[in-house]
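Accompanying notes for the structure given below.
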Ligand code: UDP
Ligand code: MG
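Residue numbers (the working numbering): 20 to 300.
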């Protein structure tokens, strides 16, 4: 399928970057050097003005210090430091607000998202797509618990949500400026980005990629955090939890009313003594 609309701007106007790479980073001191070693040559090869916005999401290792050092070597690398750990989706939102490029690409710092895919994302953008998402070919790098959790999440989401999100896509994607502007105007405090990316619409296409194993360290997603994330996503994009609680409330009210009526009748039937049968002597 070929997109019809040609992109409006593809060159950086007045020295503005064409591409903003947004990197949410939390405690990635061990990965950051390898990450830049792979990312920066790819950006050099694009031959367009780029910025790399590193959103330090309240790291407690020396990630922030390392970014400052890299900035001294290459001013395209910029630091946006958050005041505490807010979670990846908020970090990403902050990065999108700071981005000045004609397109933005969020990418993880742990090298699970290969920077070498960026030229392919750009190529599809140049064809006229507004969103080009990287679609993972397999979930082999996820542990069985995480795979089961995401299967269950998508199973519920597909049945009850008003938007449909591609199962194999994460945040690694290219977003055209038109999309970034819409995302930045959305006031939602619950930022379930996978859902928001799908909800905004526009001309979207996926390209496959092989997700790599995390280079160093551990995923920031504990089971508790994953569950909270899933519940956030479901409540933000479906009325079902609200309806379910509505029914639960109605059921409790109905049972209480029935019990109340029952005890009232019991009490009235015992009208001569005015005492509950249980306390009568
Ligand atoms: N991250 C973040 N804030 C967090 C947790 C993670 O900015 O609270 C960053 C992390 O440094 C990485 C990306 O988000 O660049 C993906 O995180 P992670 O690898 O933990 O997630 P997974 O790949 O397991 O989904
Ligand atoms: Mg990861």
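Even for Gly, the Cβ is constructed at its ideal location relative to N, Cα and C.
Best match in the options for proximity to residue i [C-alpha to C-alpha]
| i | options | result |
| --- | --- | --- |
| residue 116 | 35, 39, 93 | 39 |
| residue 65 | 93, 36, 88 | 36 |
| residue 131 | 212, 58, 208, 207 | 58 |
| residue 97 | 82, 230, 202 | 82 |
| residue 143 | 122, 283, 242, 201 | 122 |
| residue 13 | 103, 126, 120, 137 | Absent from the model: residue 13. The displayed extent of the chain is 20 to 300, so no value can be given. |
| residue 197 | 93, 119, 211 | 119 |
| residue 104 | 56, 288, 244, 169 | 244 |
| residue 68 | 80, 95, 165 | 95 |
| residue 90 | 78, 55, 111, 171 | 55 |
| residue 160 | 226, 107, 134, 237 | 237 |
| residue 255 | 78, 208, 227, 276 | 208 |
Simplified DSSP state of residue i, which is helix, strand or coil
| i | result |
| --- | --- |
| residue 138 | helix |
| residue 133 | coil |
| residue 207 | coil |
| residue 83 | helix |
| residue 61 | helix |
| residue 213 | helix |
| residue 185 | coil |
| residue 241 | coil |
| residue 227 | strand |
| residue 36 | coil |
Euclidean distance between Cα positions of residue i and residue j
| i | j | result |
| --- | --- | --- |
| residue 26 | residue 41 | Residue placement at residue 26 is flagged as unreliable, the pLDDT there being 49, under the threshold of 50; a coordinate-derived value is accordingly withheld. |
| residue 70 | residue 199 | 15 Å |
| residue 373 | residue 75 | Residue 373 lies beyond the residue range present for the chain, which begins at 20 and ends at 300; the question has no answer from this structure. |
| residue 72 | residue 129 | 15 Å |
| residue 251 | residue 109 | 13 Å |
| residue 92 | residue 247 | 39 Å |
| residue 267 | residue 212 | 29 Å |
| residue 271 | residue 263 | 12 Å |
| residue 157 | residue 281 | 59 Å |
| residue 210 | residue 239 | 17 Å |
| residue 289 | residue 265 | 36 Å |
| residue 242 | residue 171 | 13 Å |
| Do the stretch 180 to 195 and the stretch 141 to 159 touch if we need at least three Cβ pairs shorter than 8 Å? | yes
| query | For the 8 Å Cβ check, are there 3 or more pairs between the stretch 169 to 185 and the stretch 252 to 261? | reply | yes
| Counting pairs of Cβ atoms below 8 Å between the stretch 179 to 188 and the stretch 208 to 221, do you hit three or more? | yes
| request: Report yes or no: do three or more beta-carbon pairs, one from the stretch 50 to 58 and one from the stretch 82 to 96, lie closer than 8 Å? | output: yes
| message | Give the list of continuous alpha helix (DSSP H) stretches no shorter than 4 residues that lie fully inside the stretch 78 to 124. | response | 82 to 92, 107 to 117
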